[in-house]
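Student: Quick note: the sequence shown uses my numbering, first residue 380, plus one each step.
Idealized CB from N, CA, C, for every residue including glycine.
This structure is a prediction, so every number in the text was calculated from the model and none was measured.
Below are the structure tokens for one structure; questions will follow.
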Amino acid sequence: RHCTDVICCVIFIVVILGYIALGVVAWVHGDPRKVIYPTDSYGQFCGQKGTLNENKTILFYFNILKCASPVVLINLQCPTTQLCVSKCPDRFATYIDVQASYRYRPDQWNYFRQFCKPGFNNPRKSVTQVLRDEDCPSMIIPSRPFLKRCFPDFSTKNGVLTVANQTTFKDGRGKTRNVTDLREAANGINNVLDARSVGMKIFEDYAISWYWILIGLFIAMMLSLLFLVLLRFTAGVLFWIFIFGVIGIIGYGIWHCYWEYDHLKGIPGSDLTVYDIGFQTDFKVYLQLRQTWLAFMIILCGVEVIIILMLIFLRNRIRIAIALLKEGSRAIGYIMSTLFYPIVTFILIAICISYWAVTAVFLATSGEPVYKVMANQTLCKYANLTCDPETFNTTNVTKLCPGAQCTFAFYGGESLYHKYIFIFQLANIFVFLWLVNFAIALGQCTLAGAFASYYWAYRKPADIPLWPLFSSFGRAIRYHTGSLAFGALILAIVQLIRVILEYLDHKLKGTQNSFTRFLLCCLKCCFWCLEKFLKFINRNAYIMIAIYGKNFCTSAREAFFLLMRNVVRVAVLDKVTDFLLFLGKILVAGGVGVLAFFFFTQRIPIFAQEVPMLNYYWVPLLTVIIGSYLVAHGFFSVYAMCVDTLFLCFCEDLERNDGSTAKPYFMSASLHRILGKKKLSPKKA
């Protein structure tokens, strides 16, 4: 063994160091509080500890009616003053009414002014000046917090939309308006609030049923292990039962088509052709024609003949495929630790995802507060220009654009770092894809090395090395990091292109250019196919790297040509393996799902008293089913890697050895018998 693809290894290490540096820079400049806390019109966080807003965790809109303005869609900011408050208003009130009654109802003013700008306590100031300077809102309406923002407290009474059982309200400017105007400003909030309620109930269900879910997943793990063990004895039986079942079903279909064809004989109109009656929206019309059933019968006969011929001519290759499946089960039985290696891959990928997500958030929240002019008038020439809130009132913008405000818009900056944040985000995605693909490649190469050590052991299990999985992992890290990084790099480049194409497709969805949409569709399809092909090549290249220790390009070339020389065997083995493993996943997920259904619906008398009281029994049920499928997929992915490794070793064994004393086969006795060998050649002294 020697180090392979050293240059790529060095580049990979440098990129990782650069990625760490990018994360550090992002963490220095970024501030995730900008995502966690809402921000008022002065760029201050609501609820931030150690500030004046520490106890004011909710954002209040002075005039939520303005949030229905098209400006919101352009700037992603509502063009009204936004203030941090400790609680949302719980009543209807207008500044005009409160000002008129503050002398004999001071409690109303004290309640209303908590929604005014901090420090404002001058109810004698004229309404016109207050609304011009936006010292206080013109009105408050009953609201409730959602996503730390005050939204109208909508409800439906007898099919009519209301707020606090009222259908109208005063807007504080001398008009009476309907609450549907508020609905437009907070469009869809009712559905979102209902979804939040459902989300809370789902969380409660998880909180009281999590241990039963874990028990279900443990049962799925045991069933997966049992299925893999039984494959050693039942792989051939399951496959042939399925094949003969398909032949029988198609045979019944042929008989039924003939029966319908004969039954329609002599019935008026049944001898018409499809061409005679033309296109009909009611497809039952075609079932009244003898020609239709004759066509069905011919098609099914063709399929039946093809399947039978394939079984006749490919019977030996099918036997080899089944023998390899059994051999894979036997290999896993000797190296049981491989079944738990997917946990290592899962942990590595989880670390990559966490680092990427945190870095992306810090990059997105980098920068200083940027303020822009928000004007109600669409023709204001200062609209969307940057401004300084401290000097804004001394400029002539408020005179030329009455009602204009200098409000917080977003976080950004003019430095070199801020100009290239988008590039940094792309780099973050690219390195993330590279690292994830490397983690997967490391797992595949490690498993391939362990199973190859099983195959090339002349006397099984006596010659299998000690700790084969750990030894294979060490070889992969020590000698082949560069090769694994090279394969992962190629795949990451294609995946990044696919991400960019998806982004462009999303941005151009509204375009009417048919050629652009067609071109994007073709490119997406081509790169999807390319990614699938590269994954297939990389997987087999990693197997060859694990066996021979050569570099990535050499291993990929040798694996590809080896597979092409055995292309029929590859196709048969692939389909047989896919079918049996898919059957196993369905059996595990379905079996555990049925058991969970009977349990959570209290249909198992023994455990009826143990079942927790749930809002939705389907929450833990679906979790158990999906989790069981993923658990089975994790175990069976090891099995699939085992079969693929043994197959490549088998093909190499056939090409390099001839079964003689000088060149004995390393394959098992069952594979020998299929090839026509009565016994293993004696080991060379």
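So the candidates are Glu583, Ala739 and Val577; which of them puts its Cα closest to the Cα of His408?
Tutor: Ala739
Student: Which partner residues does Met518 have in the DSSP bridge list?
Tutor: For Met518, which the question treats as bridged, DSSP gives the partners Thr473.
Student: Report the option in Arg854, Tyr490, Tyr927 and Tyr837 whose CA atom is closest to the CA atom of Thr1040.
Tutor: Tyr837
Student: Could you give the distance in angstroms between the alpha-carbon of Phe391 and the alpha-carbon of Trp846?
Tutor: 28 Å
Student: Determine the burial state of Phe1029: buried for a count of at least 16 other Cβ atoms within 10 Å of its Cβ, exposed for fewer.
Tutor: buried
Student: Measure the beta-carbon distance from Ala599 to Val1010 and round it to whole angstroms, keeping in mind my assumption that it falls under 8 Å.
Tutor: 5 Å
Student: Would you check if the distance between the CB atom of Val873 and the CB atom of Glu910 is smaller than 7 Å?
Tutor: yes
Student: Among the residues of its own chain, which have a CB less than 8 Å from the CB of Phe618, if the five just before and after it don't count?
Tutor: Ile697, Ile701, Val955, Phe958 and Leu959
Student: Identify whether Pro1066 lies in helix, strand or coil by the three-state DSSP scheme.
Tutor: Residue 1066 cannot be examined here, being either before or after the span of the chain that is shown, 380 to 1064.
Student: Identify every run of the alpha helix (DSSP H) within the segment 782-824, keeping only runs that are complete inside it and at least 4 residues long; order them along the chain.
Tutor: 795-798
Student: Flag this pair as touching only if the segment 925-939 and the segment 893-904 have three or more C-beta atom pairs under 8 Å; answer yes or no.
Tutor: no
Student: How many Å lie between Lys705 and Phe725 at the Cα?
Tutor: 27 Å
Student: Name the residue from Asn544, Val776 and Ile628 whose alpha carbon lies nearest to the alpha carbon of Thr535.
Tutor: Asn544
Student: Spatial neighbours of Arg611 within its chain, please: C-beta separation below 6 Å, excluding the five flanking residues on both sides.
Tutor: Lys705, Ser708 and Arg709
Student: Could you name the residues of the same chain whose beta carbon sits closer than 7 Å to that of Asp584, not counting the 5 residues immediately before and after it, in chain order?
Tutor: Leu993, Asn994, Tyr995, Val998 and Pro999
Student: Take Arg944 as the anchor and find which of Ala1048, Phe424, Glu1034 and Arg918 has the nearest alpha-carbon.
Tutor: Glu1034
Student: Once the 5 residues before and after Lys649 are set aside, which same chain residues still bring their CB inside 7 Å of it?
Tutor: It is worth fixing the name first, because residue 649 is Ser in this sequence and not Lys. Here the set comprises Leu643, Gln667, Leu668 and Arg669.
Student: How many Å lie between Thr332 and Phe830 at the Cα?
Tutor: In the structure as shown, the chain begins at 380 and stops at 1064. Residue 332 is therefore absent and cannot be evaluated.
Student: Quick one: using the 10 Å Cβ neighbour count with 16 as the cut-off for buried, is Cys425 buried or exposed?
Tutor: buried
Student: Do you know how far the Cα of Thr559 is from the Cα of Ile437?
Tutor: 24 Å
Student: For Tyr761, which three-state DSSP category applies?
Tutor: coil
Student: Answer yes or no: does any C-beta atom of chain D fall closer than 7 Å to that of Pro984?
Tutor: This model lacks chain D altogether; it includes just one protein chain.
Student: Which same chain residues end up closer than 6 Å to Leu561 when comparing Cβ atoms and leaving out the 5 residues on each side of it in sequence?
Tutor: If we look at Leu561 and ignore the five residues flanking it on each side, its Cβ neighbours are Pro531.
Student: I'd like the list of long-range same chain contacts for Gly712, defined as Cβ closer than 8 Å, with 5 residues on each side in sequence excluded.
Tutor: Val608 and Arg611
Student: Which residues share a DSSP beta bridge with Met923?
Tutor: None; Met923 has no bridge partner.
Student: Within the same chain, show all residues whose beta-carbon is closer than 8 Å to that of Tyr552, passing over the 5 residues directly before and after it, in chain order.
Tutor: The residue asked about is misnamed: residue 552 is Arg in this sequence, not Tyr. Around Arg552: Leu510 and Ser517.
Student: Closer than 8 Å is the cut-off here; do at least three beta carbon pairs connect the segment 387-402 with the segment 805-819?
Tutor: Using a Cβ-Cβ distance cut-off of 8 Å, the segment 387-402 and the segment 805-819 are in contact, since at least three pairs of beta carbons, one from each stretch, lie closer than that value.
Student: I believe Ile520 touches Phe441 by the beta-carbon criterion, under 8 Å. Please report the beta-carbon distance rounded to the nearest angstrom.
Tutor: Going by Cβ atoms, the distance from Ile520 to Phe441 rounds to 12 Å, so no, they are not a contact pair.
Student: Could you have a look at Asn667 and say whether DSSP puts it in helix, strand or coil?
Tutor: The residue you asked about is not Asn; residue 667 is Gln in the sequence shown. Three-state DSSP puts Gln667 in a helix.
Student: Can you tell me which residues form a DSSP beta bridge with Asn557?
Tutor: Thr547
Student: Whose C-alpha, out of Phe692, Glu639 and Ala818, is nearest the C-alpha of Ala674?
Tutor: Glu639
Student: In the structure shown, what three-state DSSP assignment does Phe525 receive?
Tutor: strand
Student: Consult DSSP for Pro531 and reduce its assignment to one of helix, strand or coil.
Tutor: In the structure shown, Pro531 sits in a strand (DSSP, three-state: E or B).
Student: Among Glu513, Ser465, Asp410 and Leu444, whose alpha-carbon lies nearest the alpha-carbon of Glu433?
Tutor: Ser465
Student: Span of the beta strand (DSSP E) holding Cys780?
Tutor: Counting along the chain, Cys780 falls outside any beta strand (DSSP E), and DSSP gives it neither H nor E.
Student: On a Cα-Cα basis, can you pick out the residue from Ser832, Asp1037 and Tyr474 that is closest to Tyr494?
Tutor: Correcting the residue type first, residue 494 is Phe in the shown sequence and not Tyr. When only C-alpha atoms are compared, the closest one is Tyr474.
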